[in-house]
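S.K.: Mapping the sequence shown onto this note's numbering, position 3 (from 1) lands on 26, and the numbers just tick up by one. Shown below is the structure under consideration.
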Amino acid sequence: MRGVSLPTPIAERVLDLVARIPPGRVMAYGDVAAYLAEAEAAEVAEVSGEPGESEEPGEPGEPGSPAEPVRLGPRQVGRIMAMYGGGVPWWRVLRADGTHAPGLEEGLRKLRAEGVPLRAGGTRVDMARARWDGGAGGTGPDPRSSAAD
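Below, the structure is given as structure tokens:
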């Protein structure tokens, strides 16, 4: 079918992570990118024995050589969500300041319905209280949230 693209493997990983964010919890675009980078580094370390290094010689793209690492940041996560995020709880992925991108204000209504804690004024999510760290429990503040958002 022309004009319809399937998600790339990294897009699939983003979507899988977003699908796991529990109701009442959120992640920033940068949180998603950092979580996946940490997971990728752990996978490389498990395979090669050294974090971020490969035992295989050669240039990326050559047979038997490591693939070029995907540089995933908040903007790339946002692009993936814009292209493929309709089937996952997209409203649980926010800017680091606890707001949605313009045009996604419906997400705030969905977050309110899930009981996500909001900051004074009710237009921004309290990221220190609502941020999900990717753990199985999905409860309690993220230890990284001690810094100002």
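From the three backbone atoms N, C-alpha and C, an ideal C-beta is built for every residue, glycine too.
In chain order, what residues of the same chain lie with their CB nearer than 7 Å to the CB of L95, ignoring the 5 residues before and after it?
M.R.: Translated into positions along the sequence shown, residue 95 becomes position 72. Cβ within range, chain order: I33, A56, L59 and A60.
S.K.: With distances taken from CA atoms, which of R142, G47 and I44 is nearest D120?
M.R.: In the sequence shown, residue 120 corresponds to position 97, counting from 1. That would be R142, whose Cα lies nearest to the Cα of D120.
S.K.: Name the residue from P97, A105 and P125 whose alpha carbon lies nearest to the alpha carbon of Y52.
M.R.: As a working mapping, residue 52 is identified with position 29 in the sequence shown. Checked all of P97, A105 and P125; the closest Cα to Y52 is P97.
S.K.: Are the Cβ atoms of V41 and V148 separated by less than 7 Å?
M.R.: Translated into the one-based positions of the sequence shown, residue 41 becomes position 18. Translated into the one-based positions of the sequence shown, residue 148 becomes position 125. Not a contact, by the Cβ cut-off of 7 Å.
S.K.: Please determine, among M150, L29, E137 and T146, the residue with the shortest C-alpha to C-alpha distance to P125.
M.R.: Against the sequence shown, residue 125 aligns to sequence position 102. Looking at the Cα atoms, T146 is the closest of the given residues.
S.K.: Tell me whether V174 sits in a helix, a strand or coil according to DSSP, three-state version.
M.R.: Look at the range of the chain in this structure, 24 to 172, and you will see that residue 174 is not part of it.
S.K.: Taking 6 Å as the limit between beta carbons, can you name the residues of its chain near K133, skipping five residues before and five after?
M.R.: Position 110 of the sequence shown, counting from 1, holds the residue named residue 133. Cβ within range, chain order: W114.
S.K.: For the alpha helix (DSSP H) containing P45, list its first residue and its last residue.
M.R.: Locating residue 45 in the sequence shown gives position 22, counting from the first residue. Looking at the DSSP string, P45 is not in any alpha helix (DSSP H), and its letter there is neither H nor E.
S.K.: Taking the C-alpha atoms as reference points, what is the distance between V116 and T31?
M.R.: By one-based count along the sequence shown, residue 116 stands at place 93. By one-based count along the sequence shown, residue 31 stands at place 8. About 19 Å.
S.K.: Assuming V37 and I103 make a contact with CB atoms under 8 Å, what is their CB distance in whole Å?
M.R.: Within the sequence shown, residue 37 is the residue found at index 14, counting from 1. Within the sequence shown, residue 103 is the residue found at index 80, counting from 1. About 5 Å; that satisfies the 8 Å criterion.
S.K.: To the nearest angstrom, how far is the alpha carbon of P6 from that of A105?
M.R.: Past the boundaries of the shown model lies residue 6; the chain is included only from 24 to 172, so the question cannot be answered.
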